[in-house]
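Residue numbers (my numbering): 1 to 269.
The beta carbon of each residue, even a glycine, is placed where N, CA and C say it ideally should be.
Below is one structure; the comments refer to it alone.
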Amino acid sequence: MTEETDWVPQGIDLERPSAARLYDYLLGGGHNFAHDRELAERFLVAQPNAREIARHNRAFLRRSVLFMIQNGVRQFLDLGSGIPTVGNVHEIAQEADPTARVVYVDYEEVAYAHSALILADNPLATIVQADLTRPGDVLNAPETVGLLDFTEPIGLLMAGVFHFVAPEKNPQKIIADYRDAIAPGSYLAFSQFTRDLMPAEMDRIVEVMKSSRDPMYPRSRPEITELFDGFDILEPGIVPTALWRPDTGLYDGDDPKRAGIYAGVGRKR
Ligand SMILES: C[S@@+](CC[C@H](N)C(=O)[O-])C[C@H]1O[C@@H](n2cnc3c(N)ncnc32)[C@H](O)[C@@H]1O
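What follows is the structure, given as structure tokens:
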């Protein structure tokens, strides 16, 4: 089955579901196709509280951006930014300070096209279509160079994305390349799926995602801690998303392990 709508980018393979469109569906968005929704329904069987997990990841992203704003950061590099939804980084940051600058990065066609559309009239926010596992492509892109000042602190955002980076891609080196490009006092916000919290569900998710463009690789807390090399991990450490400096009564008494995802923020030395 195919779908035709005016926001569908040219040449996109509608038959191959993507993580960006699956996440959009879980968050209640409309930028997804039949095969994405089928994958999402299988994801929901594997991980019945997947929508809650997505919302908590998104809430962590928001809190981490506000934390960085409070600590003087006025520019952000958002890697694996996804399809624009409620509470995008430029909205959060520019509401706090209209001069805040944001570069989004995603390799997925719908994420790129829809971001470009909504940012067309925003001179202080842009999107680069690139693979974040190739830091040179991101850091040397004209949009990045044009908008970000690498002599000043940058908020490096890697929310809900590194579980798509295979161990063979050398994730530690990828993060080190970004770390070495940014000024001391910059921050890294990181979140990703783990087996530590909900192992049976995680194993099922990994199986489901094998049929997508974006297979998944959960990481343990020690593995995630290693990725923060060169950053001081701030309180409360690497914790389930809902426990990272919560600002509301999250989970309504549920076990925070149900977050399924670990989150943490570090400050570059
Ligand atoms: C689950 S979404 C997370 C969106 C957003 N960061 C958040 O936390 O709400 C993950 C996004 O990362 C993107 N992504 C995955 N691997 C990527 C890569 N190697 N390069 C660029 N984007 C990637 C996917 O296309 C998807 O849009």
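Cβ shell of residue i (< 8 Å), same chain only, five flanking positions each side left out
| i | result |
| --- | --- |
| D177 | P135, G136 and L139 |
| I12 | E109 and V110 |
| F66 | With the sequence shown as reference, residue 66 is identified as Leu, and Phe is not the correct amino acid for it. Around L66: I92 and A96. |
| H35 | L14, E15, R16 and P17 |
| H31 | W7, R21, D24, I83, V110 and H114 |
Pairwise C-alpha distance: residue j and residue i
| i | j | result |
| --- | --- | --- |
| L117 | L132 | 21 Å |
| P9 | E201 | 33 Å |
| D149 | V45 | 44 Å |
| Q94 | L157 | 16 Å |
| S81 | A189 | 13 Å |
| E207 | T99 | 43 Å |
| H56 | T126 | 25 Å |
| P268 | F228 | In the sequence under discussion, the amino acid at residue 268 is Lys, which differs from the Pro named in the question. K268 and F228: Cα-Cα distance of roughly 9 Å. |
| T225 | D232 | 10 Å |
| A40 | P123 | 35 Å |
| A242 | F60 | 7 Å |
Endpoints, the alpha helix (DSSP H) within which residue i is located
| i | result |
| --- | --- |
| G146 | P142 to L147 |
| F43 | A34 to A46 |
| G136 | P135 to L139 |
| I83 | Segment: none, I83 is in no alpha helix (DSSP H) and carries neither H nor E. |
| I261 | First-last for I261: I261 to K268, but that is the beta strand (DSSP E), not the alpha helix (DSSP H). |
| S115 | E109 to L119 |
Residue i, enclosing beta strand (DSSP E) - first and last residue
| i | result |
| --- | --- |
| M158 | G155 to A159 |
| Q75 | Q75 to L79 |
| T126 | A125 to Q129 |
| Q192 | Y187 to F193 |
| I233 | F231 to I233 |
| R51 | Element bounds for R51: not the beta strand (DSSP E) but the alpha helix (DSSP H), A50 to Q70. |
| Y104 | R101 to D106 |
Check whether residue i and residue j have beta carbons under 9 Å apart
| i | j | result |
| --- | --- | --- |
| R195 | S220 | yes |
| G146 | V73 | no |
| Y262 | Q192 | yes |
| E143 | V89 | no |
| P236 | R63 | no |
| M209 | A50 | no |
| A130 | Y107 | yes |
| I174 | P153 | no |
| G185 | L234 | no |
Close Cβ partners of residue i (< 6 Å) along its chain, the five nearest in sequence each way excluded
| i | result |
| --- | --- |
| A166 | Y217 |
| I205 | A46 and Q47 |
heavy atom of ligand 2 below 8 Å from residue i C-beta
| i | result |
| --- | --- |
| V105 | In the structure shown, ligand 2 is absent; the only ligands present are ligand 1. |
Own chain residues within Cβ distance below 7 Å of residue i, not counting five before or after
| i | result |
| --- | --- |
| Q70 | none |
| T85 | D24, L27 and G29 |
| K257 | L197, M198 and P240 |
Of all residues in the structure, which have a C-beta closer than 7 Å to any heavy atom of ligand 1, taken in chain order?
Working through the chain, the matches are S18, A19, A20, Y23, N57, R58, L61, D78, L79, G80, S81, G82, I83, V105, D106, Y107, E108, A111, A130, D131, L132, T133, L157, A159, G160, V161, F164, V165, S191 and D214.
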